[in-house]
Structures are given as structure tokens and as C-alpha cells.
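Structure first, then comments.
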Amino acid sequence: MTFEEARAQFPVFERFAYLNAGTNGPLARATVEAIVEWNRRDLEQGRGGKPYFEHVLALREGAREALAGVLEVPPQNVALVSSTTNACNVVLAGLDLTSEDEVVTTDIEHFGLLGPLLASPAKVRVAQVRDASPREAPRLVCEQVTSRTKLIAVSHVSWVTGNSLGPDELRGQTELPILLDGAQSAGACRTEAEAFDFYTVSGQKWLCGPDSTGALYVRDPERLRVALPTYMSQSAYNTENSFTPKPGAPRFDSVWYAPGTLAGLLAALEAAPEWRHERTREAASYCRGRLDEAGYEIVTAPDQAGLITFSPEGDAAEAAARLFKAGVVVRDVPGTNWLRASCGWWTSEDDIERLLGGLEPSDPVAGPGFR
Ligand SMILES: Cc1ncc(COP(=O)(O)O)c(C=O)c1O
58 MTFEEARAQF PVFERFAYLN AGTNGPLARA TVEAIVEWNR RDLEQGRGGK PYFEHVLALR
118 EGAREALAGV LEVPPQNVAL VSSTTNACNV VLAGLDLTSE DEVVTTDIEH FGLLGPLLAS
178 PAKVRVAQVR DASPREAPRL VCEQVTSRTK LIAVSHVSWV TGNSLGPDEL RGQTELPILL
238 DGAQSAGACR TEAEAFDFYT VSGQKWLCGP DSTGALYVRD PERLRVALPT YMSQSAYNTE
298 NSFTPKPGAP RFDSVWYAPG TLAGLLAALE AAPEWRHERT REAASYCRGR LDEAGYEIVT
358 APDQAGLITF SPEGDAAEAA ARLFKAGVVV RDVPGTNWLR ASCGWWTSED DIERLLGGLE
418 PSDPVAGPGF R
């Protein structure tokens, strides 16, 4: 697949310089057609009968395999969930932490991870990494570890700074269980999930899947309690006593996706070319370089994943709104005065130039020196 062919899958690019996969990736035509086709089938033929359920269950296993492919792990270690937030809740609930326990995280996490940590009875210790270089992050995280620490829970790539938290180095420095929030990495770069205890995927972001899709990698499913069971979690149950969890991570399946969602997710994953990670890196590097040349202060270090966070001139929320009107979709980062551009394998140099053009002050008196 050439770059032009890859890009032509996304009609939204005819209208927008769409730089927002960190929130929701662009939808490919085939993804939406698969959803529509299944919805029509459900409408006309109903949602019952053995062949229907067999077909949907086969789609589910296909989606599990495809998501396992993204994570480069066996499908039996992958649970189907609705989001990264859902996945983090499954892990935190299953660990049965107590008020004697501690979990370590950082100051640049999303509430999708932080919420489940804060809802657990464990004490949350926070490493201050926001203003540190990505290289220092693993050490700063490890400095928060005590004899009470039961879990380290950080993102692979921060949604705030766009920087990697250095999970490989972290893994090398501790044997404690690690939960990686992969919302900003899965689909943007290799996850290398197998080295970690838990790894989450958001389907709607860099994988360009339908809303409310995702995955959870669990390295050792037997060691995590099924605290939030669904009908899909059990292979047998006894009304008064107990249930037998399914083998492997499918016991943590948290959502019954509509078949259209499954077919759409499969189509989205098929739309991604082999060269996706290289091209994402190149696009992010081009974006970073152009913003740097234009004099903007860049938050994201070189060679991270697909996010580039930077300081615009003036108010970031106003800049995001102005850019949207100009056909450029980026977001401001809450609690900061930063803008965040998401560069994926589909991002063209022209998209980045449109971002640069939209950032230009409309007042002709204000030149580059005002940045
Ligand atoms: C790092 C990070 N974690 C978690 C989330 C929440 O993702 P989800 O909607 O899949 O729960 C986001 C969403 O932006 C995110 O950026």
C-alpha cells in the first residue's frame, strides 16, 4: 500500500487537517461500511438464531486475534474491553489492594488510569516527571517505590507531554507488577506488551477503530481475580457458590460488542499498512521540526511516538478553536497552555503546513519574534 492509497481510505482528510488521533483516530471508509452493513443486517434479519451467535462469536475471536497482533502477544492473554479506563478498572479491582498497600504513578496520567487508582483503597504515590526529560522518568518513578508498593501504573506515552515514560528501562529497574496505559501508544508505536503484567489498548485512538473498543493484555490471568465479571467471563457457574472463569484472559472480557463494532474494528486494523510505525515516527518528527523552526516551544522530546505537544502563542484553547475553524483539528491540553498535534501514519506534510499556517497570528504586526 502506498502512502497515497493509505491516506485515501479516510474521507475526513478531504475536509480537515485531522491531527487528533490522540482523542479519536480518523475513520476509514471500510470501517464505517462494515458497521453500516452489519447494522442493516441486524435491522432486517434480527439478532437471534444459532448461526447469528456463531458468526458474532467468530468475529469476537477475530478481533481478539487482531488486537493480540497489535500487542504482539498470544490471543489467550487478551481480554476485550470497552476502553483503557475499563481495562484499568478491571486490573485495579482484581488486585484486591488494601489501605496498607501503595501504588506508584506519575503527574502526567489521564483520569482513565488515575480514576481507578484513586478509587482503590491503596495510597497513590506520584512521581513528578512532567518537567523532567523522558530519560529520567523511570528513575523518578522508581524513587517512589517503597516496601508497600504493589503496582506501578503509568502510561507508555503521556497524553500531556507526548513523552514516553520509558517502560523498558522501568521494567529493567523493578520486578514489581507494571500496568501500562497504552492509550497513546498502541497503534502509534510498538508496544512490547509481553514484558509487562498488564497493558491497555484504546481502539478508537491510534487504531482508528469504532468508539468503545479496546483490549487488556494480562500476562498471568490466573493471578488476577475476576472482580467485575460479565456473562463472557465464565465457563460454568453454580448458583449458590461460585463460577469457573474461562481459561486465559477472555475471563476479563467486559463488553459484548455489537457485530458492527467488531466488523468495523477488524476493518480498521486491516487498513493499517505494514509501515505504520515508521511513518508515524517520520510524521511526528516532521511536525516537531517544523514547529521548532517556526520558533514554538516544544514540550515533546525528539523521537517519542505520535503526539507533539507545544506552546502556541496566546491562549491554547482559543488557538484550538481558531484552528478548528480553519480546518485543522488539534486539541489543547487541560491544565496547561499547550496544544497537542497527533501525527499518524496517515499524516501528510501538507497537514502539518496547514497547522503552521493556522497558527500564524492574524495580526500582521506580530511576527515570529512574538512567539
Ligand atoms: C493516556 C490516556 N489514558 C487513558 C485515556 C482514556 O482512554 P479511554 O477512553 O479508552 O478510556 C486516554 C484518552 O485520551 C489517554 O490519553
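Residue 58 is where the sequence shown starts when you use the working numbering, and the numbers rise one by one after that. We treat Cβ as the ideally placed atom computed from N, Cα and C, and that holds for glycine.
- [ ] Would you kindly report the start and end of the unbroken beta strand (DSSP E) that includes Ala272?
- [x] Note, Ala272: beta strand (DSSP E), 271-275.
TODO: Count the CB pairs spanning the stretch 386-401 and the stretch 105-112 that are closer than 8 Å, and state whether there are at least three.
DONE: Verdict: no, contact absent.
TODO: Starting from Leu207, trace the beta strand (DSSP E) both ways and give me its first and last residue.
DONE: The identity of residue 207 in the sequence shown is Lys, whereas the question assumes Leu. Per DSSP, Lys207 belongs to the beta strand (DSSP E) from 206-212.
Task: Residues that Leu364 bridges to, as DSSP identifies them - done: Ser399, per the DSSP bridge assignment.
TODO: For Asp238, write down the residues that DSSP places opposite it in a beta bridge.
DONE: Under DSSP, Asp238 shares a beta bridge with Ser212.
Task: Cβ distance (whole Å) where Arg379 is taken to contact Gly415 below 8 Å - done: The beta-carbon distance between Arg379 and Gly415, rounded to whole angstroms, is 7 Å. This is short enough to meet the 8 Å contact definition.
Open item on the list: Nearest by alpha-carbon distance to Pro316: which of Pro307, Tyr343, Thr88 is it?
Closed with: Nearest of Pro307, Tyr343, Thr88 to Pro316, Cα basis: Thr88.
Open item on the list: In this structure, how does DSSP classify Asp389 when only helix, strand and coil are distinguished?
Closed with: Asp389: strand per DSSP, three-state reduction.
Task: Any heavy atom of ligand 1 within less than 7 Å of residue CB: hits in chain order - done: Ordered along the chain, the selected set is Gly79, Thr80, Ser140, Thr141, Thr142, Asn143, Glu166, His167, Gly169, Leu170, Ser212, Ser215, Trp216, Asp238, Ala240, Gln241, Ser259, Gln261, Lys262, Gly271.
TODO: Grab the span of the alpha helix (DSSP H) containing Arg280 for me, first residue to last.
DONE: No alpha helix (DSSP H) holds Arg280; DSSP gives it neither H nor E.
Open item on the list: Closest to Ser30 by C-alpha separation, out of Gly363, Pro307, Asp372, would be which residue?
Closed with: Residue 30 cannot be examined here, being either before or after the span of the chain that is shown, 58 to 428.
Task: As assigned by DSSP and simplified to three states, the class of Tyr294 - done: Note: Tyr294 maps to strand in three-state DSSP.
Open item on the list: Since Gln241 and Trp216 should fall inside the 8 Å C-beta cutoff, what is the C-beta to C-beta distance between them, to a whole number of angstroms?
Closed with: In this structure Gln241 is in contact with Trp216, their Cβ atoms being roughly 5 Å apart against a cut-off of 8 Å.
Open item on the list: By the three-class DSSP mapping on this structure, what secondary structure does Val138 have?
Closed with: For Val138, the three-state secondary structure derived from DSSP is strand.
Task: 8 Å Cβ cutoff met for Gly102 and Ala85 - done: For clarity, residue 102 is Gln in the given sequence; the question names Gly instead. No.
- [ ] May I ask which residues mark the beginning and end of the beta strand (DSSP E) holding Val258?
- [x] Where Val258 is concerned, the enclosing beta strand (DSSP E) stretches over 255-259.
TODO: May I have the straight-line CA-CA distance separating Ala376 from Thr337, to the nearest angstrom?
DONE: Approximately 24 Å, taken between the alpha carbons.
- [ ] List the residues that DSSP assigns as beta-bridge partners of Tyr353.
- [x] According to DSSP, Tyr353 bridges with nothing at all.
- [ ] Decide yes or no for the touch test of the stretch 119-135 against the stretch 268-280: beta carbon pairs closer than 8 Å, at least 3 of them.
- [x] Touching, per the Cβ criterion.
Open item on the list: If contact is defined by three or more beta carbon pairs under 8 Å, each pair taking one atom from either stretch, is the stretch 153-162 in contact with the stretch 201-214?
Closed with: By the C-beta criterion, the stretch 201-214 is judged to be in contact with the stretch 153-162, since at least 3 inter-stretch pairs fall below 8 Å.
Open item on the list: Do Leu413 and Val387 count as a contact pair if the criterion is CB distance below 8 Å?
Closed with: Between Val387 and Leu413, the gap from beta carbon to beta carbon reaches 8 Å or more.
- [ ] Say whether the stretch 279-295 touches the stretch 307-314, bearing in mind that this needs 3 or more beta-carbon pairs closer than 8 Å, one atom from each stretch.
- [x] At 8 Å Cβ cutoff, the stretches touch.
- [ ] For Gly244, count neighbouring Cβ atoms within 10 angstroms of its own Cβ and tell me buried if that reaches 16, exposed if not.
- [x] The residue in question, Gly244, is buried, as its Cβ has 16 or more Cβ neighbours within 10 Å.
- [ ] Please classify Glu129: does DSSP put it in a helix, a strand, or coil?
- [x] It is coil, neither helix nor strand.
Open item on the list: As a quick exercise: from Val214, Gln230, Ala176, Asp225, pick the residue whose alpha carbon is nearest that of Gln201.
Closed with: Of the candidates Val214, Gln230, Ala176, Asp225, the residue whose Cα lies closest to the Cα of Gln201 is Gln230.
Open item on the list: My output table needs one value for Cys246: the three-state DSSP class, helix, strand or coil.
Closed with: Cys246 falls in the strand class under three-state DSSP.
TODO: State yes or no: is the beta carbon of Glu327 nearer than 8 Å to at least one beta carbon in chain C?
DONE: This model lacks chain C altogether; it includes just one protein chain.
- [ ] Entirely within the stretch 160-231 and at least 3 residues each: give me those beta strand (DSSP E) ranges in chain order.
- [x] Whole beta strand (DSSP E) segments, 3+ residues: 180-184, 206-212.
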